[in-house]
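Visitor: Pasting a structure here, questions to come.
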Amino acid sequence: MNMLEKPLAAYLIHKLGGGAALVNATRFPRGSSRETWFIEYRESAAGPVKKMVLRSDMPSGSTIPSSLAQEYFMYERLGHTAVPVARALWWEDDPTWASRPFFTREHIEGSWNIPHYHDPDPAYDNLRIEVSKEHLRKLAIVHQVDWRALGLDKRLPAPRNEAEAGRVYVEQVEEQMRGLHGQPIPLFVAGAHWLKSQAPGAPRLVLCKGTNGIGEEIFRDGTIVAMSDWEEAAIGDPAADIAFAQEVVGDVVRDGKKLWGLSDALNYYHSVSGIRVTEESIAFYRKVQSLKMMMYSESAAEGTHSTPDASIRQAWTGTEVAYVGKRIMAAALGISPPLPPERFGELNKSIG
Amino acid sequence: MLRPTSIDVLRCIGRTLDTMIVPALNGVAERSAAATIGHLLRHVTLRIEHEGRILHDEIVMLRPLLAQARDYLQARGAGDPEATRVGASVERALSATAPTSSGEYRDVGSLADEVWALRQGVTDALQYVLARKSGGADATAKLHDAIETYMAWQLERESELIDPAFEGFGPRR
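So the protein sequences, as listed, match chains S and C. When we follow the working numbering, the leftmost residue of the first sequence carries the number 1, and every step to the right adds one. When we follow the working numbering, the leftmost residue of the second sequence carries the number 1, and every step to the right adds one.
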């Protein structure tokens, strides 16, 4: 744990008292944007084993160019809402202990992995549909957060009105790309220009989670008990979240019959949120996703280039993910053949 | 050329990783990192084999494209300060990366530096063209088409370094 200047066991004593003891520390293997550690500890020799999560930037910085402090702010603020999130515990940037800042939050029992979710057996079709509905219900809760009352717009850029939501979202990605001072990518320039020329307005300006779906949320017994990874949170169009949702609004097809698909998901989302999102807006934000992939993979490439301490995950993001983002954008612009869907799907596969 | 070659050695490392290291790993984090290492080893192997040639070919493609952009911007320069500004940027990209004598050795880093500078010129020209493209078949559209042709070509070359290393080789993380 190289975000600490001293052993974790000593840090736990410093924070929790002389009886505190480290039991175990495990790094979450999937993380591509930041480091996440699961910490097991006791507050006293006779006390129960407790758990918490420690989150920091990678040694080479975050892949997503929003600050760790902003992510902590999101956890703290959302702790005052109905959104299921782990409670923020504390922020640490004391140089005596932290070689780089980190924060801690509660550990919520559950798993990002849903048994049999990818099992093609028809017996699990209903599971896939129910997971989709559960995810849409929880997104609806996120989208009904009173972001002005929580002061979220003090940290997150917000469009002035619904009409400019799509254009402002693209401009934010452009701004983040400029801030990286990375390699010139003509395809990024062409893609951003094209997207702004067709950017839709939003039905409502809401808090958007950003990255979401399978791999980002904690499930327990079919229910999302914690929504994690708020580094891409933004104020904008709810269509963005549904477009960016990983593996939860796809088609469920059996014997040639579509049991569930995007139109069903949008109707269900409307029934639980009161917000009507169009398939056209979803298509727009899915193209924005490829622009974002180019931006954050460039961030990962810069991180990998800038320090020998970079994570292997950033090296991968800066190579294959960068290429796939460009391929998707080039296809949208009509200058390259479409990428087979399974090629994109491969990116999200994890070791079992 | 030393034997074994760097490619031979990398393939040996990859095979050792797959047959000796990975089977001995128990933790998910360790197996996940090993999977990513395997993908990236194949990627690095391809880069050693092909990146120098691809960068060389890209320079050969970019120089005439930028010359076309320079001529287009010069023709529009009078009375268009933005064309003058972008034209100067394109000229800088061309002159800052003037080809060296044909007998001089170029390593991959040197080729990459030249490609970056030339791409910056293309990016600046593209921004100018996009703001003025009207859909006709004029000089602006011709330059835009030429830049699109370059972007498609560049992506195809990049695919030679990525697809054979990653596609179909299992989980990435």
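We put the CB at the ideal spot given by N, CA and C, even for glycine. Just so we're clear, the structure is a prediction, and the values are computed from it rather than from any experiment.
Starting from S:Met294, trace the alpha helix (DSSP H) in both directions and tell me its first and last residue.
Guide: Here the alpha helix (DSSP H) through S:Met294 covers 279-306.
Visitor: According to DSSP, is S:Thr81 part of a helix, a strand, or is it coil?
Guide: The answer is coil: DSSP assigns S:Thr81 none of H, G, I, E or B.
Visitor: Between S:Asp237, S:Leu262, S:Arg254, S:Ala233, which has its C-alpha nearest S:Glu247's C-alpha?
Guide: Among S:Asp237, S:Leu262, S:Arg254, S:Ala233, the Cα nearest to that of S:Glu247 is on S:Leu262.
Visitor: Starting from C:Thr123, find everything on chain S with Cβ-Cβ shorter than 9 Å and list it in chain order.
Guide: In chain order: Pro184, Ile185, Pro186, Phe188, Val189.
Visitor: Could you please give the first and the last residue of the uninterrupted alpha helix (DSSP H) stretch that includes C:Leu130?
Guide: From DSSP, the alpha helix (DSSP H) with C:Leu130 extends over 108-130.
Visitor: Just the Cα atoms here: how many angstroms apart are S:Glu134 and S:Gly210?
Guide: Roughly 17 Å between the two C-alpha positions.
Visitor: Considering only their Cβ atoms, is the gap separating S:Thr96 from S:Glu5 smaller than 8 Å?
Guide: The answer is yes: Cβ separation under 8 Å.
Visitor: Quick one: what's S:Tyr11 bridged to in DSSP?
Guide: Paired residue(s): none; S:Tyr11 is not in a bridge.
Visitor: Could you tell me which of C:Leu17, C:Val9, C:Glu51 sits nearest to C:Ile162, measuring between CA atoms?
Guide: Nearest option by C-alpha distance: C:Glu51.
Visitor: Which residue marks the beginning of the beta strand (DSSP E) containing S:Val225, and which one marks its end?
Guide: S:Val225 -> beta strand (DSSP E) spans 223-227.
Visitor: Taking DSSP as the reference, what is the three-state secondary structure of S:Gly179?
Guide: Helix at S:Gly179.
Visitor: Does the segment 51-60 of chain S come close enough to the segment 34-41 of chain S to have 3 or more Cβ pairs within less than 8 Å?
Guide: Counting Cβ pairs under 8 Å, three or more are found: they touch.
Visitor: Starting from the C-beta of C:Val22, find all residues in its chain whose C-beta is less than 7 Å away, skip the five residues before and the five after it, and write them out in chain order.
Guide: Cβ neighbours of C:Val22 beyond the five flanking positions: Arg31, Ala34.
Visitor: My output table needs one value for C:Arg173: the three-state DSSP class, helix, strand or coil.
Guide: Here C:Arg173 sits in coil by DSSP.
Visitor: Mind pulling the chain S residues with CB within less than 7 Å of C:Ile48?
Guide: Ordered by position in chain S, no residue passes the 7 Å Cβ test against C:Ile48, which lies about 14 Å from the chain.
Visitor: Could you tell me the alpha carbon to alpha carbon distance between S:Arg100 and S:Trp91, rounded to whole angstroms?
Guide: If you take the alpha carbons of S:Arg100 and S:Trp91, they lie about 11 Å apart.
Visitor: Using a Cβ-Cβ cut-off of 8 Å, state whether S:Glu320 counts as contacting chain C.
Guide: Yes, S:Glu320 counts as interfacial toward chain C.
Visitor: Which residue comes first and which comes last in the alpha helix (DSSP H) that contains S:Tyr323?
Guide: 322-332 is the extent of the alpha helix (DSSP H) around S:Tyr323.
Visitor: Just checking, does the segment 210-224 of chain S make contact with the segment 120-135 of chain S on the three C-beta pairs under 8 Å criterion?
Guide: Yes, the segment 210-224 of chain S is in contact with the segment 120-135 of chain S.
Visitor: Looking at S:Phe102: is its Cβ nearer than 8 Å to the Cβ of S:Ala199?
Guide: No, they are not a contact pair.
Visitor: Could you name the residues of chain S that C:Pro81 contacts, counting a contact when the two beta carbons are closer than 9 Å?
Guide: None at all; the shortest Cβ gap to chain S is about 20 Å.
Visitor: Step through the CB atoms of chain C and report whether any lies within less than 8 Å of the CB of S:Leu54.
Guide: No, S:Leu54 lies away from the interface with chain C (no Cβ there is under 8 Å from its Cβ).
Visitor: Alpha helix (DSSP H) containing S:Asn267: first to last residue?
Guide: S:Asn267 -> alpha helix (DSSP H) spans 262-273.
Visitor: Is the number of C-beta pairs between the segment 186-201 of chain S and the segment 122-134 of chain C that are closer than 8 Å three or more?
Guide: Flag = yes, the segment 186-201 of chain S and the segment 122-134 of chain C touch.
Visitor: Compare the C-beta of C:Ala33 with all C-beta atoms of chain S and state if any pair is closer than 8 Å.
Guide: It does; some Cβ of chain S falls within 8 Å.
Visitor: Name the chain B residues that come within less than 9 Å of C:Leu155, Cβ to Cβ?
Guide: Within the model displayed, chain B is absent; protein chains S and C are what it includes.
Visitor: Can you grab the Cα-Cα spacing for the pair S:Trp260 / C:Leu143, in whole Å?
Guide: Approximately 45 Å, taken between the alpha carbons.
Visitor: So, for S:Lys51: in the same chain, excluding its five sequence neighbours on each side, which residues have a beta-carbon less than 6 Å away from its beta-carbon?
Guide: Result list for S:Lys51: Glu40, His107, in chain order.
Visitor: Determine whether the Cβ of C:Glu51 lies closer than 8 Å to any Cβ atom of chain S.
Guide: No, C:Glu51 does not count as interfacial toward chain S.
Visitor: Could you list the residues in the segment 109-138 of chain S with a C-beta less than 7 Å from some C-beta on chain C, going in chain order?
Guide: Cβ contacts with chain C: none found.
Visitor: Please name the residue in C:Asp8, C:Ser89, C:Pro4, C:Ile59 whose C-alpha comes closest to that of C:Arg157.
Guide: Checking every option, the nearest Cα to that of C:Arg157 belongs to C:Ile59.
Visitor: Is the beta carbon of C:Leu155 sitting closer than 8 Å to the one on S:Ala21?
Guide: In this structure, S:Ala21 does not lie closer than 8 Å to C:Leu155 by Cβ.
Visitor: Answer yes or no: does any C-beta atom of chain C fall closer than 8 Å to that of S:Ile64?
Guide: No - not a single Cβ of chain C is within 8 Å of the one on S:Ile64.
Visitor: Using three-state DSSP, classify S:Glu164 as helix, strand or coil.
Guide: Three-state result, S:Glu164: helix.
Visitor: For the ligand MN, I want to know if C:Gly103 counts as a neighbour, meaning its beta carbon is within less than 7 Å of at least one of the ligand's heavy atoms.
Guide: Looking at this structure, you won't find the ligand MN or any other ligand, since it has none at all.
Visitor: Excluding sequence positions up to five away, which residues of its chain have a Cβ less than 7 Å from the Cβ of S:Ala140?
Guide: If we look at S:Ala140 and ignore the five residues flanking it on each side, its Cβ neighbours are Tyr269, Val272, Ser273.
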